[in-house]
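Presented below is the structure to which this report refers.
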Ligand SMILES: Nc1ncnc2c1ncn2[C@@H]1O[C@H](COP(=O)(O)OP(=O)(O)OP(=O)(O)O)[C@@H](O)[C@H]1O
Ligand SMILES: [Mg+2]
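In this note's numbering, the protein residues as written are 27 to 370.
If you want it as structure tokens, here you go:
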């Protein structure tokens, strides 16, 4: 019988586990203090196929999960019997991949008789900011930009947030990955587009990733992606030289500038004094600089997680696990993995 010890401690030691895509990750926190964060990635293997192959990801997680948890415990200098709870991503993501981390977490929580906390991966991305600033408290406005999501959110309190606006088609990260492919860059594309953009200039005319004349704030990446494909193909068909670096740089401006502008506008209109960000695209150096500068100009505090906590990691899962732990929100052992979870 699973009757976990659920005495709530103010600064619990939590093991976070993440396996929703191609990163098998484990991390340990004590309160908001990060003790360790380990990742074993199958991205190099996936790059051979130009993207994530779910079956390969599941197998890689199976081989890595035990080792990555062992490493996290060892580098935090924490033995398993000192853990107070286990937080694990239960969705959204690849079902087979999620099941590996979730099953491992269930087994360990059962054997240690400690609470299991199923974490929504996206809430994890939002919670990464709590690791940077131990004093950070809601309310704040967040720019979420990842491989599958793009939105501006208002976090009212630790447990509730509201979507202020989002993409009506592709996500920003997805657009970076597709543009990378057009420019002949390897998967995962975002960081490679950023690298190429550094030697280019913003001279190719591309549409900004924003729906004009909409009553709601809506981003759109499909038109921008098509414009990049057309710019490259048209030049090649005419035999004209086109600088891929200029395309990358211009794409980066068109993809990111609207996100920064709208995030700051939302914060100002809601009277929020703090802006945070989360998701893989927030690792982009141009975005980080643009968002920090825009917040500074507007008199807003900007809290950006370090780059390694923007892309998938387990520290953010442990961080969201802490919020749920303090609220006493524990999961039953029959919690299932979920391929899709709506943002709210
Ligand atoms: N430096 C960068 N510049 C732009 N994009 C980047 C950079 N680094 C990573 N990305 C993009 O971030 C995405 C990966 O982020 P993340 O791991 O959060 O996505 P995901 O977990 O697949 O999706 P989601 O979190 O929405 O479920 C990829 O699309 C990748 O191209
Ligand atoms: Mg993610």
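Using N, Cα and C, we set each Cβ at its ideal position, and we do this for glycine too.
Ordered along the chain, which non-local residues of its own chain (more than five positions away) have a Cβ less than 7 Å from that of residue 100?
Taking the chain shown and counting its residues from 1, one reaches residue 100 at position 74. Correct list: empty, nothing qualifies.
Which of helix, strand or coil does DSSP assign to residue 111?
For the purposes of this step, residue 111 is taken as residue 85 along the chain shown, with counting starting at 1. Residue 111 falls in the strand class under three-state DSSP.
Would residue 104 and residue 64 qualify as a contact pair, given that the criterion is a beta-carbon distance under 7 Å?
Residue 104 sits at position 78 when you count from the first residue of the chain shown. Residue 64 sits at position 38 when you count from the first residue of the chain shown. No, the Cβ-Cβ distance between residue 104 and residue 64 is not below 7 Å.
Taking all protein chains shown into account, do 16 or more other C-beta atoms lie within 10 angstroms of the C-beta of residue 346, making it buried, or fewer, making it exposed?
Along the chain shown, one-based indexing puts residue 346 at 320. Looking at its Cβ environment, which holds 16 or more other Cβ atoms inside 10 Å, residue 346 is buried.
Could you tell me which residues DSSP pairs with residue 60 in its beta bridges?
Counting from one through the chain shown, the residue named residue 60 turns up at place 34. 55.
Report all residues from its chain with a CB closer than 7 Å to the CB of residue 195; omit the five preceding and five following residues, and keep chain order.
To locate residue 195, count along the chain shown from 1; it is residue 169. Answer for residue 195: 246, 247, 248, listed in chain order.
With hydrogens ignored, establish whether the beta-carbon of residue 195 is closer than 6 Å to any heavy atom of ligand 2.
As a working mapping, residue 195 is identified with position 169 in the chain shown. Because no heavy atom of ligand 2 lies under 6 Å away, the Cβ of residue 195 does not count as near it: no.
Under the three-state reduction of DSSP, which class applies to residue 301: helix, strand or coil?
Counting from one through the chain shown, the residue named residue 301 turns up at place 275. Looking at residue 301 - three-state DSSP - the assignment turns out to be strand.
Put residue 148 into one of helix, strand or coil per three-state DSSP.
To locate residue 148, count along the chain shown from 1; it is residue 122. In the structure shown, residue 148 sits in a helix (DSSP, three-state: H, G or I).
On the DSSP bridge assignment, give the partners of residue 327 in chain order.
Taking the chain shown and counting its residues from 1, the one referred to as residue 327 is at position 301. 300, per the DSSP bridge assignment.
With a threshold of 6 Å (Cβ to nearest heavy atom), would residue 203 be considered close to ligand 2?
Here residue 203 corresponds to residue number 177 of the chain shown, with the count starting at 1. It does not: the Cβ of residue 203 is nowhere closer than 6 Å to a heavy atom of ligand 2.
Is residue 307 near ligand 1, with its Cβ less than 6 Å from a heavy atom?
Stepping through the chain shown from its first residue, residue 307 is reached at position 281. Yes.
Judging by CA-CA distance, which residue of 173, 199, 164 is the nearest neighbour of residue 184?
Indexing the chain shown from 1 puts residue 184 at position 158. Selected option, being the one with the closest Cα: 164.
Could you give the DSSP three-state label for residue 67: helix, strand or coil?
The residue given as residue 67 occupies position 41 in the chain shown. Secondary structure of residue 67 (DSSP, three-state): strand.
To the nearest angstrom, how far is it from the Cα of residue 17 to the Cα of residue 136?
The structure shown does not extend to residue 17, since the chain is modelled only from 27 to 370, so the question has no answer here.
Have a look at residue 332 and residue 304 and give me their C-alpha separation to the nearest angstrom.
Taking the chain shown and counting its residues from 1, one reaches residue 332 at position 306. Taking the chain shown and counting its residues from 1, one reaches residue 304 at position 278. Residue 332 and residue 304: Cα-Cα distance of roughly 10 Å.
How is the beta strand (DSSP E) around residue 263 delimited, first residue to last?
Sequence index remark: in the chain shown, residue 263 carries index 237 (1-based). No beta strand (DSSP E) holds residue 263; the alpha helix (DSSP H) holding it covers 248 to 263.
Within 10 angstroms of the Cβ of residue 342, are there 16 or more other Cβ atoms? Answer buried if so, exposed if not.
Residue mapping note: residue 342 aligns to position 316 of the chain shown, counting from 1. Classification for residue 342: buried.
Rounded to a whole number of angstroms, what is the C-alpha to C-alpha distance between residue 120 and residue 147?
Mapped onto the chain shown, residue 120 falls at position 94. Mapped onto the chain shown, residue 147 falls at position 121. Approximately 12 Å between the Cα atoms of the pair.
Take the Cβ of residue 289 as the centre, count every other Cβ of all protein chains shown within 10 Å, and call the residue buried at 16 or more, exposed below.
Here residue 289 refers to the residue found at position 263 of the chain shown. Buried, by the Cβ-count rule.
According to the neighbour-count rule (16 or more other Cβ atoms, all chains shown, within 10 Å of its Cβ), is residue 149 buried or exposed?
Walking along the chain shown from the start, residue 149 turns up at place 123. Residue 149 should be labelled buried.
Roughly how many angstroms lie between the CA atoms of residue 365 and residue 117, to the nearest whole one?
What you label residue 365 is simply residue 339 of the chain shown in a count that begins at 1. What you label residue 117 is simply residue 91 of the chain shown in a count that begins at 1. Distance between the alpha carbons of residue 365 and residue 117 is about 6 Å.
CA-CA distance, residue 233 and residue 278?
The residue you call residue 233 lines up with position 207 of the chain shown. The residue you call residue 278 lines up with position 252 of the chain shown. So the alpha carbons of these two residues sit roughly 11 Å apart.
Just to confirm my understanding: we take residue 253, look at its own chain, exclude 5 residues before and 5 after, and list those with CB closer than 7 Å. What are they?
Locating residue 253 in the chain shown gives position 227, where the first residue counts as 1. Around residue 253: 232, 233.
For residue 62, which option in 102, 275, 40 has the closest C-alpha, if you only look at C-alpha atoms?
Here the question's residue 62 lines up with position 36 in the chain shown. If we check each option's Cα against that of residue 62, 102 comes out closest.
When the Cα atoms are used, what is the spatial distance from residue 267 to residue 261?
Sequence index remark: in the chain shown, residue 267 carries index 241 (1-based). Sequence index remark: in the chain shown, residue 261 carries index 235 (1-based). Each residue's alpha carbon lies about 7 Å from the other.
What did DSSP end up calling residue 193 once you bin it into helix, strand or coil?
The residue you call residue 193 lines up with position 167 of the chain shown. DSSP places residue 193 in strand when its eight states are reduced to three.
Can you tell me whether residue 182 is buried or exposed? The criterion is at least 16 other CB atoms within 10 Å of its CB, across all chains shown.
For the purposes of this step, residue 182 is taken as residue 156 along the chain shown, with counting starting at 1. Looking at its Cβ environment, which holds fewer than 16 other Cβ atoms inside 10 Å, residue 182 is exposed.
In angstroms, rounded to a whole number, what distance separates the CA positions of residue 337 and residue 153?
What you label residue 337 is simply residue 311 of the chain shown in a count that begins at 1. What you label residue 153 is simply residue 127 of the chain shown in a count that begins at 1. A straight line joining the alpha-carbon of residue 337 with that of residue 153 spans about 13 Å.
Taking buried to mean at least 16 other C-beta atoms within 10 Å of its own C-beta, is residue 68 buried or exposed?
Locating residue 68 in the chain shown gives position 42, where the first residue counts as 1. Residue burial annotation: residue 68 is buried, with at least 16 other C-beta atoms found within 10 angstroms of its C-beta.
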